[in-house]
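Here is the structure we will look at, set down as structure tokens.
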Amino acid sequence: MIKLHAVADIRKAVVIGAGITGLACAFRLQRLGIRALILEGSDRAGGVISTVRRNGFLFEAGPQCPRFPKPVWTLISELGLKDEFIAGDPRAKRYILRNGQLHRAPFSAGGLLTTELVSRKSKYRLLSEVFRHSHPPAGEESLTEFVDRKFGAEVLEYLVDPFISTIFFGDPRKMGMHSAFPALVEWEQSRGSVVRGAVRAYRTKRDANNKSAAEAASFKDSNLKHRDLHVTDAFPSLGSFKEGMGTLTESLARKLGEDLRFGVPVKSVASRNTGDEGKPGWRILLSSGDEINVDAVVVATPAYAAAPLLVESVPKLSSLLANIEHAPMDVVSSAFNRNQVRHPLDGFGFMVPRREGLHTICTFWNSFLFPSHALIGTVVMTSFAARGGDGGNLAEMSDDLLVQRVEEENSAVLGITGAPIDRMTWKYPRALPQYNVGHAQRVKEIREAASESPGLFLAGNYLAGRSIGDCVEAGFLAADLLHSRSRT
Numbered sequence: 001m002i003k004l005h006a007v008a009d010i011r012k013a014v015v016i017g018a019g020i021t022g023l024a025c026a027f028r029l030q031r032l033g034i035r036a037l038i039l040e041g042s043d044r045a046g047g048v049i050s051t052v053r054r055n056g057f058l059f060e061a062g063p064q065c066p067r068f069p070k071p072v073w074t075l076i077s078e079l080g081l082k083d084e085f086i087a088g089d090p091r092a093k094r095y096i097l098r099n100g101q102l103h104r105a106p107f108s109a110g111g112l113l114t115t116e117l118v119s120r121k122s123k124y125r126l127l128s129e130v131f132r133h134s135h136p137p138a139g140e141e142s143l144t145e146f147v148d149r150k151f152g153a154e155v156l157e158y159l160v161d162p163f164i165s166t167i168f169f170g171d172p173r174k175m176g177m178h179s180a181f182p183a184l185v186e187w188e189q190s191r192g193s194v195v196r197g198a199v200r201a202y203r204t205k206r207d208a209n210n211k212s213a214a215e216a217a218s219f220k221d222s223n224l225k226h227r228d229l230h231v232t233d234a235f236p237s238l239g240s241f242k243e244g245m246g247t248l249t250e251s252l253a254r255k256l257g258e259d260l261r262f263g264v265p266v267k268s269v270a271s272r273n274t275g276d277e278g279k280p281g282w283r284i285l286l287s288s289g290d291e292i293n294v295d296a297v298v299v300a301t302p303a304y305a306a307a308p309l310l311v312e313s314v315p316k317l318s319s320l321l322a323n324i325e326h327a328p329m330d331v332v333s334s335a336f337n338r339n340q341v342r343h344p345l346d347g348f349g350f351m352v353p354r355r356e357g358l359h360t361i362c363t364f365w366n367s368f369l370f371p372s373h374a375l376i377g378t379v380v381m382t383s384f385a386a387r388g389g390d391g392g393n394l395a396e397m398s399d400d401l402l403v404q405r406v407e408e409e410n411s412a413v414l415g416i417t418g419a420p421i422d423r424m425t426w427k428y429p430r431a432l433p434q435y436n437v438g439h440a441q442r443v444k445e446i447r448e449a450a451s452e453s454p455g456l457f458l459a460g461n462y463l464a465g466r467s468i469g470d471c472v473e474a475g476f477l478a479a480d481l482l483h484s485r486s487r488t
């Protein structure tokens, strides 16, 4: 048994959880001169970020082609991974399924005019919004209420829902506007129009000219080819790495070295009356029975995992964390010979509106985005499923049946014949926190409760965003806050 308490004297901080947030936090602390011990209950780092490399294929368990905002680029630069980055095409076609047929998702005014996803009435409501003036109600609306009020049910079902399901695995009937989309609320409040607010924000960001080198190159290239405003132009660069997204977390784990311990589940985190020099401290009880005493602890686990750790020491905070809803996520990544698939797979992939009643909510065409991630003459696609589709309970389905349903649905849409030549599957019962109505207020209360416990810091995707960039930034912020308070 490793006597972890033996090293506690030379480490003033512990980070619990080695997902991307915890890794980023520990790495930032390391660069700030604070040697933290990182405790991970499982046998690997990265959380849902994981790449399986086998038989010439790269299978991604989590993010397939995420965006790389400034915090992630900072991390990539400090890790020396710039040469490993592979840029994705920001204008790669996205498709949306309607009545069994794929339609290109519209990302510009021109695309909206020609799309068959919505009627002319819906197009008029969307395109004329810039000329109208509205104001959000006093209370928090759900996303469904917001979209229905401004654009109508058809826009919700065939333009908004598929994106919300793909990005957040969320239910628009529950998702809160202040909680999940505060910018849209602010744009309507300040400009009277979401479109006017979005255009203003786009121009402000463009004029600031603070993009990373890779972002600037992507932006310049896309604007040379297109003159109209394209929604994706306002976003950071997207991409992956030559050896998959696992490159990022694996590199972080190597940099942290022996300070990162696997297979060390934490049982509880309790406050000490006094630590060194009379300062407050924390006692971390491990499942093995060992204890670690430190001045500061960063809890970088998912909210549902953090709650039981704090139930005795900070019960109010524990209760707030425990009440955050999480959506399930199942991943099916399949490889086929190219001649098995009739569809050209000429884009990012396709999204499925809830109204279509399928188990699949989206499918990424990995080998189009990153050809080196598959063997020549083969293709790789990754599907996500997070609901029953036809009203059945996804949680009650066997893993084999779910995989069968997802591959049958992909076969029908894409014209696939025969079984895959390779496959990987993953199941996450609680994958992503849901920013439902009231979540913004809950986060405010979480921050207030945590602030009453000196030396306790929270970092996670339930606080301010669920993307990789958000998670890295959350880890950086927790590290910077710990560092600043350790100097007072």
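Each residue of the sequence shown is one higher than the one before, counting from 1 in the numbering used here. No residue lacks a Cβ here, since even glycine has one placed at the ideal position from N, Cα and C.
For residue i, which residues of its own chain have a beta-carbon under 6 Å away from its beta-carbon, when the five flanking residues on both sides are left out?
{"i": "G56", "result": "L375"}
{"i": "R342", "result": "G415"}
{"i": "A479", "result": "C25, R28, L29"}
{"i": "G389", "result": "In this prediction, G389 has a pLDDT of 46, which is less than 50 and means its spatial position is unreliable; what the coordinates show is noted afterwards. Excluding sequence neighbours, G389 sits near G357, L358, H359."}
{"i": "G88", "result": "C65, L238, G239, L369"}
{"i": "L477", "result": "none"}
{"i": "G475", "result": "T21, A24, C25, A459"}
{"i": "R423", "result": "S334"}
{"i": "H439", "result": "G176, S179"}
{"i": "I164", "result": "G170, P172"}
Relative to the alpha-carbon of residue i, which residue among the options has its alpha-carbon at the smallest distance?
{"i": "G263", "options": "K12, V14, A18", "result": "A18"}
{"i": "F350", "options": "F27, E60, L81, A92", "result": "A92"}
{"i": "V298", "options": "G289, G281, S288", "result": "G281"}
{"i": "G244", "options": "R67, F59, V332", "result": "F59"}
{"i": "E258", "options": "L39, F384, R487", "result": "L39"}
{"i": "I421", "options": "A431, E407, P433", "result": "E407"}
{"i": "L127", "options": "V269, L117, G110, E154", "result": "G110"}
{"i": "G152", "options": "E129, R54, R200", "result": "E129"}
{"i": "P172", "options": "Q434, S134, I446, Y462", "result": "Q434"}
{"i": "K70", "options": "R487, V199, Q340, G469", "result": "G469"}
{"i": "G465", "options": "L481, L432, S165, S486", "result": "L432"}
{"i": "F131", "options": "S383, I324, E188, Q441", "result": "E188"}
{"i": "D43", "options": "I284, L401, A440, R261", "result": "R261"}
{"i": "L456", "options": "H135, L184, L317, R203", "result": "L317"}
{"i": "R94", "options": "K242, T115, K427", "result": "T115"}
{"i": "K427", "options": "V199, G47, A13", "result": "G47"}
{"i": "L256", "options": "A36, V199, N436, K82", "result": "A36"}
Are residue i and residue j touching if we call contact CB-CB under 7 Å?
{"i": "A306", "j": "L321", "result": "yes"}
{"i": "I49", "j": "G62", "result": "yes"}
{"i": "G22", "j": "P265", "result": "no"}
{"i": "H483", "j": "L32", "result": "yes"}
{"i": "V72", "j": "V472", "result": "yes"}
{"i": "T247", "j": "E84", "result": "yes"}
{"i": "P328", "j": "P182", "result": "no"}
{"i": "S268", "j": "L285", "result": "yes"}
{"i": "V199", "j": "L184", "result": "no"}
In the DSSP output, what is residue i paired with across the bridge?
{"i": "C65", "result": "In the DSSP output, where bridge partners are listed per residue, C65 has none listed."}
{"i": "Y202", "result": "Y202 is not bridged to any residue."}
{"i": "P433", "result": "H326"}
{"i": "S51", "result": "At residue 51 the sequence reads Thr, which differs from the Ser that was named. Looking at the DSSP assignment, T51 forms a beta bridge with E60."}
{"i": "K422", "result": "As written in the sequence, residue 422 is Asp, which differs from the Lys given in the question. BP columns for D422 point to A335."}
{"i": "A13", "result": "A36, A296"}
{"i": "E291", "result": "L285"}
{"i": "F501", "result": "Limits of the chain in this structure are 1 at one end and 488 at the other, which puts residue 501 out of reach."}
{"i": "T382", "result": "S333, F364"}
If you drop the 5 nearest sequence neighbours on each side, which residues of the same chain put their C-beta closer than 7 Å to that of residue i?
{"i": "K123", "result": "L112, L113"}
{"i": "S190", "result": "G197"}
{"i": "S271", "result": "P280, W282, S313, S453"}
{"i": "L463", "result": "V443, A474"}
{"i": "T425", "result": "V331, V332, D399, V403"}
{"i": "T166", "result": "M351, I361, C362"}
{"i": "Q340", "result": "I416, T417, G418"}
Closer than 8 Å by C-beta to residue i: which residues in its own chain qualify, once you throw out the five before and the five after it? Chain order, please.
{"i": "E157", "result": "P353, R354, R355"}
{"i": "L117", "result": "I96, R98, H103, A105, P106, Y158, L159"}
{"i": "Y304", "result": "L321, A322, I324, H326, R430"}
{"i": "A45", "result": "A18, G19, L23, T249, E250, L252, A253, L260, F262"}
{"i": "I86", "result": "G239, S240, F241, K242, F370, S372"}
{"i": "L481", "result": "F457"}
Three or more C-beta pairs closer than 8 Å, one from the stretch 408–427 and one from the stretch 306–317: is that the case here? no
The stretch 321–341 in contact with the stretch 367–383 per 3-pair CB rule at 8 Å: yes
Determine contact between the stretch 162–179 and the stretch 134–148, defined as no fewer than three beta-carbon pairs at a distance below 8 Å. yes
Is the stretch 280–296 touching the stretch 343–362, taking contact as three or more C-beta pairs under 8 Å? no
Contact the stretch 93–106 vs the stretch 242–257: 3+ CB pairs below 8 Å: no
Touch test, the stretch 129–141 against the stretch 442–452, Cβ-Cβ under 8 Å, three pairs minimum: no
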